[in-house]
Structure formats: structure tokens, C-alpha cells
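Residue numbers (the numbering used here): 610 to 1025.
Glycine included, C-beta positions come from ideal geometry on N, C-alpha and C.
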């Protein structure tokens, strides 16, 4: 499909991607030593905003912000504008625009978001996108950009090529997707018998097809452009535009705190800096998708995550309390099935309070006060910081900086 027409032919419905909310982006940036702008009164730009599901959620929860979304498809923008009018939002605006020709005369932005665009446009448009980040971010502004990566996407690139060559040409994209589903079902059994490695990739792709709508499949596998990149190559490209790597938007899959000592030692020997470490991590886990935060090199110097900065943030818990164990110590479970508890009285209080307040984000000072009581010690502070770090590493909660002034949100926030 041609990108110029495909989003009109096959609209891509949007959703609220919680990891792109400025309060989440700011928190992650602060952990890495960036003096991120206050989200409450920030300017936010979304490149490739689809029908506004993500940006409208941001605008609604940050009413004093100014949010602007651009998208190439007029049908997307028309639907977004209709939603804004229905909700009566005055701080959210949408523009039909070609990224390659978009002017930067609308000012600078504290947060620029682009989810699910970069890998699916031609190289010339990719360059225009990075130029927008470089030219339109404020000095301490934070950018978010997602993209397909190697080595993980080599497997799915193979399937993309098989579908491109193996399927007969049809004009209707929905018919092509139906053919693709049937085609993969037909080759799954034989592939597993004659080439188990190939069969595993086919089965994995087919499982994704079964869980996904036509919009995702059509744009992921049948767009004219879908060019993954190795992480280190992408960062080298950013640096040519005066941009630098901050971190990933979430810790999931980006840290090795649960890895074996042998693997940790191996990566330390192979890596001279955190960019190299991230690339080697991709090699070891076969990562296929990244959600990267970036900033301006001239104004910032991103660092390794500093635990002391957790004291500047708020945390919302994903933990649910379980029935008390035989020794009466409280136990909690996360959505990913991890069970956590502590015999330490301060930590037990902290876990209980976090669970009781979910999903409300709790400022660190409030959590500490509720946990440590009237006679806190330095060790208590250290313990609460360590708990926040574990929640970050194991996705037991989410971190925020300057909470939204409204607690409710539009739609269902998802992390993708």
C-alpha cells in the first residue's frame, strides 16, 4: 500500500498510550538527570496523531496545556476535531499536514510524541520527523518516538517478504489480509515439521494476526515502507541532528536486574557506555520494538538512572492485596503475577498504603510519611527509595511528575 493513500483506505484507530503522557515522560527523564518541563502548563505536539485518541486524553487530563496533533489523513483529523467539539475541549487542536512539509513556525514544544510512525514512512519523511524534534523541542523538552528494531524484527521481516511474494495481487486490502491469515495457517503445520525455527516464527506471527485488527496487520505487513533499524544506528542518526538518548519510556525489557551474573558480566565486558549496553541487550533478548525518549544535546546531559530522584516523583501502584499469610504479613500481587511482601514494618506499611490508594499516584513525601511514622530514620528513606526502584524495574507501578489536575481520563489507557 502507498502511505499517501493507505490511511484513508484503511484508517488506523488510535488509543491512549499511557507511556506517552507528559507526566510519565517527565518522570522518566528526571530519573536520568533531565530538568524536564512541568507537564501541567506545557505545549505538546503529536506527530501522526491518527483520530486523536492519545492526544485528547492528554489534553483532557492537562487542561492548562496546549496540545496540537498533526496527521496526513484528513479522515483522521476530521474525527479528532469532532471528538474535541463534543467534549468541549479548548486546549486541543488538530491539523491535516504532510510531515515532510510541516512548518516549524507554530512555536516550540515541551513534549513531542510520535508513536507508530517512524518505521512506516520513507527515509525522506524520517529525516523530516527528526528535524521536527531537533527544531521544535524546547531546550529541556522531551521527545518520544517508537520504531521497529533489529535483531527481533528480522523474523517478521521474513514473514512480510513471504506474504509480499507468495500472495496473489488483489486490489482490496481487506481481501489481502484475509488471504494472509489463510496462507499462514496453511504453512504453519508443514513449516513446523520441516523447519522448526521457521515454523516458530510463522506460529508467532499467526498468533499476532489472530489477536490484531485489520488496521494493524495492513500497515505493519503491507505498507510500502517498514524499515526497522539497529538501536545504535538510530542513536547515531539522532546525534547528527543534535539530539541525545535519554532512556526507554518504560523499564520493561530494558534492564538486567534479574539477569544471571554470567550475562551481566558478559555485557559489561562488551560495553563501554550505555548505548553499547542497550544494543548488546537487544542482541541478547531479540528486541523488535523500542519506545525511546530523546532530548537536545546542547541543553542536557542524560545520565544513568539515579535512585535519589525517586523522591521528586509520585507513584501509582498496580498491586492488589492478597489474603494474609499464616504469619499475618501482607502479600500483594501485580498484573504480571509477581508476588511481593515484606516483614519490614515500614515497607509493609508502604505496600499496604500504595495498594489501598491505587490507582491514585502518591507523592514520595506522602508515601514516606504514611510508612515511616513520626520517627523516621535514614534507613527508612533508603528502604522506600528501594521499593520505588523495584516498582519501576518490575512494573509494579507507574511513576509521574506533576500529576494531571483531573483524575479521570477519556478511553482506555494502554501501554503498547
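For the options 789, 997, 809, the alpha carbon positioned closest to that of residue 827 is the one of 789. Under the three-state reduction of DSSP, residue 742 is assigned to helix. Pairwise C-beta distances place the segment 939-948 out of contact with the segment 669-678, as fewer than three of them are shorter than 8 Å. With a cutoff of 8 Å on beta-carbon distance, residue 918 and residue 639 are scored as near each other. Inter-residue distance for residue 838 and residue 825 is about 20 Å (C-alpha atoms, whole angstroms). Distance from residue 910 to residue 1006 at the Cβ level is roughly 28 Å; contact not present, criterion being Cβ atoms closer than 8 Å. Residue 786 is not a Cβ neighbour of residue 855, given a cutoff of 8 Å.
Between residue 707 and residue 747, the gap from beta carbon to beta carbon reaches 8 Å or more.
Residue state for residue 730 is assigned as coil, using DSSP reduced to three classes.
Looking at the DSSP output, residue 925 shares a beta bridge with 1007. In the DSSP annotation of this structure, the continuous segment of the alpha helix (DSSP H) that includes residue 886 starts and ends at 883-894. Selection 626, 820, 783 evaluated against residue 659 yields 626 as nearest (Cα-Cα). Under the 8 Å Cβ criterion, the segment 739-746 does not count as touching the segment 869-889, having fewer than three qualifying pairs. Taken through DSSP and simplified to helix, strand or coil, residue 811 comes out as helix. Excluding the 5 residues flanking it on each side, residue 953 has same chain C-beta neighbours closer than 7 Å at 992, in chain order. In this structure, DSSP gives residue 696 a helical state, which the three-state scheme calls helix.
Exposure of residue 982 is indicated by the presence of fewer than 16 other C-beta atoms within 10 angstroms of its C-beta. Per the coordinates, the alpha-carbon of residue 684 lies some 18 Å from the alpha-carbon of residue 711.
Residue 1001: not part of any beta strand (DSSP E); member of the alpha helix (DSSP H) spanning 987-1002, first to last residue.
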